[in-house]
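Enquirer:
2 protein chains.
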Amino acid sequence: MFATSLEAEAAFYEAFGNADVEAMMRVWAFSFDAACIHPSGPRLEGIPEIRKSWEAIFADRVPRAIDLRGRVVIGSDDHRIHMLEENISVPGTSFVAPPVLATNVYQRLRDGWYIILHHASVAPGALEQTQDDSPDQPAPGTRLH
Amino acid sequence: MFATSLEAEAAFYEAFGNADVEAMMRVWAFSFDAACIHPSGPRLEGIPEIRKSWEAIFADRVPRAIDLRGRVVIGSDDHRIHMLEENISVPGTSFVAPPVLATNVYQRLRDGWYIILHHASVAPGALEQTQDDSPDQPAPGTRLH
Numbered sequence: 001m002f003a004t005s006l007e008a009e010a011a012f013y014e015a016f017g018n019a020d021v022e023a024m025m026r027v028w029a030f031s032f033d034a035a036c037i038h039p040s041g042p043r044l045e046g047i048p049e050i051r052k053s054w055e056a057i058f059a060d061r062v063p064r065a066i067d068l069r070g071r072v073v074i075g076s077d078d079h080r081i082h083m084l085e086e087n088i089s090v091p092g093t094s095f096v097a098p099p100v101l102a103t104n105v106y107q108r109l110r111d112g113w114y115i116i117l118h119h120a121s122v123a124p125g126a127l128e129q130t131q132d133d134s135p136d137q138p139a140p141g142t143r144l145h
Numbered sequence: 001m002f003a004t005s006l007e008a009e010a011a012f013y014e015a016f017g018n019a020d021v022e023a024m025m026r027v028w029a030f031s032f033d034a035a036c037i038h039p040s041g042p043r044l045e046g047i048p049e050i051r052k053s054w055e056a057i058f059a060d061r062v063p064r065a066i067d068l069r070g071r072v073v074i075g076s077d078d079h080r081i082h083m084l085e086e087n088i089s090v091p092g093t094s095f096v097a098p099p100v101l102a103t104n105v106y107q108r109l110r111d112g113w114y115i116i117l118h119h120a121s122v123a124p125g126a127l128e129q130t131q132d133d134s135p136d137q138p139a140p141g142t143r144l145h
């Protein structure tokens with residue numbers, strides 16, 4: 001199917017841009033370990049849960065323009081980790097979503113490369129830090145991580 | 001140094017719990033590709049940026065208790081991807097941080113395993129979905145991803 005992790009990535013974002021659930025699910029590794037974390041979402045585990053989430057996201061049937069920036073790839077012959085910034089907008093409207101940072105893990109299976117993990121989180125303009133001056137009594141909102 | 005990715009992980013979270021920058025940085029792969037995304041933060045690239053972020057986070061010198069849950073490990077002989085839920089609290093106080101979902105990528109270098117990517121994002125209690133009924137005009141707040 002996908003000869004490289006880059007081809008799998010292209011198919012993933014093409015399906016995403018077209019809000020096409022069937023095409024999206026063809027990119028996923030059929031594995032119990034498959035996991036997907038949408039921005040501010042929980043960790044969805046397994047293909048049925050992941051499929052349901054894309055069905056919900058694509059229910060609007062709105063085509064997205066997705067501008068990918070800052071790709072860094074690490075990994076080896078059978079696992080590739082792609083870090084990316086996703087910039088999503090809706091053509092014909094003024095809607096622009098905040099940038100999303102994605103860590104996508106691709107796995108080489110018998111017949112090609114598939115995505116096995118998509119971890120996405122909203123990127124800020126700049127790192128917001130709430131520092132606390134009283135180390136012994138961290139208030140709610142203290143940045144522990 | 002660390003014979004397995006699990007040993008590197010244990011050292012990472014021990015340093016985190018102790019708010020110990022030096023110990024934390026001993027777990028990181030000294031690589032241009034090293035990257036770190038703290039919850040709601042940008043992608044920090046390279047060891048100097050990553051170090052600065054942990055110095056800021058640990059500036060409170062508050063020891064954290066970190067309860068790790070739901071570990072799933074994928075990967076191969078030279079790269080391991082650990083998915084985890086971090087539950088951080090401050091012993092002796094009532095402070096409990098919201099659960100954080102982490103994707104940690106470990107890389108085997110000549111002398112052992114090191115972390116090369118830490119991507120963390122706040123986990124919700126449940127997936128929040130804002131659905132829009134008017135597909136042609138997604139309003140700000142529409143869930144494109």
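Sequences listed follow chains A and B, in order.
Going left to right, the first sequence walks through residues 1 to 145 as my numbering numbers them.
Going left to right, the second sequence walks through residues 1 to 145 as my numbering numbers them.
Just so it is clear, CB atoms sit at the ideal spot from N, CA and C, and this is done for glycine as well.
As the structure is a prediction and not an experimental result, all values here were calculated from the model.
For the putative contact between Ile66/B and Phe2/B, defined by C-beta atoms under 8 angstroms, what is the C-beta separation to the nearest angstrom?
Expert: Taking the second sequence and counting its residues from 1, the one referred to as residue 66/B is at position 66. Taking the second sequence and counting its residues from 1, the one referred to as residue 2/B is at position 2. That pair is no contact at about 18 angstroms.
Enquirer: Give me the Cα-Cα distance between Ile74/A and Ala97/B, rounded to the nearest whole angstrom.
Expert: Here residue 74/A corresponds to residue number 74 of the first sequence, with the count starting at 1. Here residue 97/B corresponds to residue number 97 of the second sequence, with the count starting at 1. Going by the C-alpha atoms only, they are around 31 angstroms apart.
Enquirer: Can you confirm whether His118/B, when its beta carbon is compared against all beta carbons of chain A, has any partner nearer than 7 angstroms?
Expert: Numbered from its first residue, the second sequence carries residue 118/B at position 118. Output row for His118/B: interface = no.
Enquirer: On the three-state DSSP scale, how would you describe Asp78/A?
Expert: Position 78 of the first sequence, counted from the first residue, corresponds to residue 78/A. In this structure, Asp78/A counts as coil in the three-state DSSP scheme.
Enquirer: Quick check: what's the CA-CA separation for Ser89/B versus Thr93/A?
Expert: Looking up residue 89/B in the second sequence gives position 89. Looking up residue 93/A in the first sequence gives position 93. So the alpha carbons of these two residues sit roughly 44 angstroms apart.
Enquirer: Taking 7 angstroms as the CB-CB limit, is His79/B close to chain A?
Expert: Here residue 79/B refers to the residue found at position 79 when the second sequence is read from its first residue. Closer than 7 angstroms to some Cβ of chain A, the Cβ of His79/B qualifies, so yes.
Enquirer: Need the endpoints of the beta strand (DSSP E) that Arg43/A sits in, please.
Expert: Locating residue 43/A in the first sequence gives position 43, counting from the first residue. Per DSSP, Arg43/A belongs to the beta strand (DSSP E) from 43-45.
Enquirer: Taking the alpha-carbon positions, what's the Tyr13/B to Pro91/A distance?
Expert: Taking the first residue of the second sequence as position 1, residue 13/B is located at position 13. Taking the first residue of the first sequence as position 1, residue 91/A is located at position 91. Answer to the nearest angstrom: the Cα atoms are 44 angstroms apart.
Enquirer: For a cutoff of 7 angstroms on Cβ pairs, would you count His145/B as touching chain A?
Expert: The count along the second sequence starts at 1 and reaches residue 145/B at position 145. At least one chain A Cβ lies under 7 angstroms of His145/B.
Enquirer: From Ala10/B to Ala34/B, what does the alpha carbon distance come to, in whole angstroms?
Expert: In the second sequence, the residue the question calls residue 10/B occupies position 10. In the second sequence, the residue the question calls residue 34/B occupies position 34. About 19 angstroms.
Enquirer: Does the stretch 102-120 of chain A come within contact of the stretch 75-83 of chain A, defined as at least 3 CB pairs closer than 8 angstroms?
Expert: Yes: the two stretches touch, three or more of their Cβ pairs being nearer than 8 angstroms.
Enquirer: Could you tell me the distance, in whole angstroms, from the CA atom of Leu101/A to the CA atom of Val100/B?
Expert: Numbered from 1 along the first sequence, position 101 holds the residue referred to as residue 101/A. Numbered from 1 along the second sequence, position 100 holds the residue referred to as residue 100/B. Cα to Cα, the separation comes out at about 16 angstroms.
Enquirer: Would you mind telling me which residues of chain B sit closer than 7 angstroms to Ser76/A, beta carbon to beta carbon, in chain order?
Expert: As a working note, residue 76/A is residue 76 in the first sequence. The contacting residues are Ser76, Asp78, His79.
Enquirer: Please confirm whether Ala19/A and Phe58/A have their CB atoms less than 7 angstroms apart.
Expert: Counting from one through the first sequence, the residue named residue 19/A turns up at place 19. Counting from one through the first sequence, the residue named residue 58/A turns up at place 58. Closer than 7 angstroms, so yes.
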